[in-house]
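Participant: Once you've had a glance at the structure underneath, I'll fire off some questions.
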Amino acid sequence: MVTEKDVEHIAELADIGINTGELDTFTHQFNAILDYFDVLDLVNGDTTISRDLINTMREDVVEPSLPREEVLKNAAAQEDGFIKAPRVM
Amino acid sequence: MESHELTFEPDDRYNAFLAVCKKAPYGKGKLSGIAVAVKDNISTRGIETTCASKILKGYIPPYDAHAVELLRHAGAAIVGKTNMDEFGMGTTTENSAFGPTLNPCDTGRVPGGSSGGSAAAVAGNMVRMALGTDTGGSIRCPAAFCGIVGMKPTYGRVSRYGLIAYANSLEQIGPMARNVSDVSSLLQVIAGKDRHDSTTYDRPYTHTPVSGIKGLKIGLPQEYFGEGVDPRVAGVVKNAIGRLEELGATTVSCSIPSMKFALAAYYVTCACEASSNLARFDGVRYGPGADSKKSWHESFKEVRRAGFGAEVRRRIMLGTFALSSGYYGKYYAKAQVARENVKADFARIFSEVDLIAGPTMPSIAFKLGEKSDPLSMYLSDILTVPANLAGIPAISVPCGKVDTMPVGLQIMGRHFDDERVIDAAYAYEQAVN
Chain C
329 MVTEKDVEHI
339 AELADIGINT
349 GELDTFTHQF
359 NAILDYFDVL
369 DLVNGDTTIS
379 RDLINTMRED
389 VVEPSLPREE
399 VLKNAAAQED
409 GFIKAPRVM
Chain R
61 MESHELTFEP
71 DDRYNAFLAV
81 CKKAPYGKGK
91 LSGIAVAVKD
101 NISTRGIETT
111 CASKILKGYI
121 PPYDAHAVEL
131 LRHAGAAIVG
141 KTNMDEFGMG
151 TTTENSAFGP
161 TLNPCDTGRV
171 PGGSSGGSAA
181 AVAGNMVRMA
191 LGTDTGGSIR
201 CPAAFCGIVG
211 MKPTYGRVSR
221 YGLIAYANSL
231 EQIGPMARNV
241 SDVSSLLQVI
251 AGKDRHDSTT
261 YDRPYTHTPV
271 SGIKGLKIGL
281 PQEYFGEGVD
291 PRVAGVVKNA
301 IGRLEELGAT
311 TVSCSIPSMK
321 FALAAYYVTC
331 ACEASSNLAR
341 FDGVRYGPGA
351 DSKKSWHESF
361 KEVRRAGFGA
371 EVRRRIMLGT
381 FALSSGYYGK
391 YYAKAQVARE
401 NVKADFARIF
411 SEVDLIAGPT
421 MPSIAFKLGE
431 KSDPLSMYLS
441 DILTVPANLA
451 GIPAISVPCG
461 KVDTMPVGLQ
471 IMGRHFDDER
481 VIDAAYAYEQ
491 AVN
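So the sequences go chain by chain: C and R.
Numbered according to the numbering used here, the first sequence spans residues 329 to 417.
Numbered according to the numbering used here, the second sequence spans residues 61 to 493.
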């Protein structure tokens, strides 16, 4: 059972942004869905079988990349050939 | 290379397209001059690609997805981008930020989803072929609901490079068309190894369908004909399987006990993968732009609240929750064990049969607005998600009608047995047409 406070916390973790007016609906839907997920409690075991899988590795070789203007053209804000982001500090 | 031009001005009464190329260039090759529509989560250089989301409105990819590049090399005319559930999250195409697509068989009903625009464009005769993507049934569901053929290839058979990721471990790009031969021709072009997608195998598809089903053994899982499946749909599919028996196939009843966990395992897995994949949509490198005067988190939240629809936000939050401290073991870890159980069930059944058949969807196409509750929408994916969890190939081929609406016969095969799956669908199609 999750509460409105839990949903608010999850929204915070996911940087999703939530309006107080939406909390009730989301909480109600989450509880219905999570109730359904409880069927997974019946699954035996906690770890998956390890398989003989091999990673696909390659050398880190420099290759031609997209021109800067191509990369920048989808960014809404840019400055001096860089993408402008919100302040971090 | 692309020296010719195809004029494409469809009467899009179904809202199948989000972008149309009125003058579509094409070149020489196997698909020369054939109009192909591409689902809007597959990157197309120079053509707006939005995943039917406001958060990508105006995004023009600077490169082609590998599958699109192969289409261009084969001479196809890329005529437009098709509507879908936002980021592929949905079963009806009603979750598009740009309005729902209508089902060409009955415009009061949904076309299925999430590749609903591709299915409607094909079923409405606007294009001969289309690319869709299938994470939990998103090609097969709309194919069944609109009465066309759609295939999810074996995981790893088609490159996902340039497919805007939602749930990487489950999704595949695949072909949609009005008949099995066209589905096969499209798969020929898009399948094969790609160095940009390390999960691709060196298994090109060079097959031409042959009507070969004689002597094959087909498993019929009881879960595909039981509770939750409209008995009228089950009846139509059983008749179709009867036709396969007349053609020389034998059938045997089987069971997939892990089906009781499959849907929960699927939704936990895809939500978790989505919560990570969709973190990149912050409005900074592409999208609407973030308010650079605000703090990172504040501006990030604002952009995502305004840019994502309700279902996308719901799945991101569900995934974040299922991966969070204290819940990972209960949800994500258990889902992965359940997924292994699904794989093991298929492996056991495929040691005794060549193919598995059943309905694609438990019902006919829903009426617009009918599935307003998220969980009831999720439940309708129960017959398609097992193939994605296991990574096996699966096709939906039209096999009759209930209340004038099409029903799809789903045929699944062993890993990399895409050829046999196609041959079985072709045998059925040839026998009834």
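Built from N, CA and C at the ideal position, the CB exists for glycine as well.
With burial defined as no fewer than 16 other Cβ atoms inside 10 Å of the residue's Cβ, what is the status of residue 370/C: buried or exposed?
Facilitator: exposed
Participant: For the region 463-492 of chain R, which residues have a beta carbon sitting closer than 9 Å to at least one beta carbon of chain C?
Facilitator: Listed in chain order, the positions of the region 463-492 of chain R with a beta carbon within less than 9 Å of a beta carbon of chain C would be empty, since no residue qualifies.
Participant: In chain order, what residues of the same chain have a beta carbon less than 8 Å from the beta carbon of residue 365/R, not counting five sequence neighbours either side?
Facilitator: 373
Participant: How about the region 374-382 of chain R and the region 331-341 of chain R: do they share at least three Cβ pairs that are nearer than 8 Å?
Facilitator: yes
Participant: In three-state terms, what does DSSP make of residue 410/C?
Facilitator: strand
Participant: Taking a cut of 9 Å between CB atoms, which residues from the region 341-358 of chain C lie near chain R?
Facilitator: Taking a C-beta cut-off of 9 Å against chain R, the contacting residues of the region 341-358 of chain C are 341, 342, 343, 344, 345, 346, 347, 350, 353, 354, 357, 358, listed in chain order.
Participant: Just how far apart, CA to CA, sit residue 492/R and residue 238/R?
Facilitator: 14 Å
Participant: Is the beta carbon of residue 152/R sitting closer than 8 Å to the one on residue 177/R?
Facilitator: no
Participant: Kindly list, in the order they appear in chain R, the residues whose Cβ is closer than 9 Å to that of residue 392/C.
Facilitator: Per Cβ cutoff of 9 Å: no residues; residue 392/C is ~12 Å from chain R at best.
Participant: Hey, how far is the Cα of residue 451/R from the Cα of residue 274/R?
Facilitator: 26 Å
Participant: Taking the alpha carbon of residue 477/R as the reference point, which residue from 213/R, 428/R, 94/R has its own alpha carbon closest?
Facilitator: Residue nearest to residue 477/R within the set 213/R, 428/R, 94/R is 213/R (criterion: CA-CA distance).
Participant: Output the distance between the C-alpha atoms of residue 243/R and residue 322/R, rounded to the nearest integer angstrom.
Facilitator: A direct Cα-Cα distance of roughly 28 Å separates residue 243/R from residue 322/R.
Participant: Using DSSP's beta-bridge definition, name the partner residues of residue 104/R.
Facilitator: Under DSSP, residue 104/R takes part in a beta bridge, and its partners are 107/R.
Participant: Short check: CB of residue 201/R to CB of residue 184/R, under 8 Å?
Facilitator: no
Participant: For residue 319/R, report the span of its beta strand (DSSP E) as first-last.
Facilitator: Taken as a continuous stretch (DSSP letters only), residue 319/R belongs to no beta strand (DSSP E), being part of the alpha helix (DSSP H) at 319-337.
Participant: Assuming the contact rule is C-beta atoms closer than 8 Å, residue 203/R and residue 196/R should be a hit. Round their C-beta distance to whole Å, please.
Facilitator: Wrong, their Cβ atoms sit about 14 Å apart, outside the cutoff.
Participant: Give the residues of chain R in contact with residue 387/C, contact being defined as C-beta atoms less than 8 Å apart.
Facilitator: Within chain R, no residue comes near residue 387/C; the closest Cβ sits about 12 Å away, beyond 8 Å.
Participant: Have a look at residue 94/R and residue 88/R and give me their C-alpha separation to the nearest angstrom.
Facilitator: 10 Å
Participant: Within 8 Å of any Cβ in chain C, is that where the Cβ of residue 360/R sits?
Facilitator: With a threshold of 8 Å between beta carbons, residue 360/R makes contact with chain C.
Participant: Which bits of chain C does residue 349/R rub up against, with CB to CB less than 7 Å?
Facilitator: 404, 405
Participant: Given this structure, state the Cα-to-Cα distance separating residue 165/R from residue 465/R, to the nearest angstrom.
Facilitator: 7 Å
Participant: How long is the line joining the alpha carbons of residue 308/R and residue 415/R, rounded to whole angstroms?
Facilitator: Each residue's Cα considered, the two are about 14 Å apart.
Participant: Between the alpha carbons of residue 390/R and residue 399/C, how many angstroms are there, rounded?
Facilitator: 41 Å
Participant: Going along chain R, which residues have a C-beta under 9 Å from residue 336/C?
Facilitator: Near residue 336/C there are no residues of chain R at all, since even the closest Cβ is about 10 Å away, more than 9 Å.
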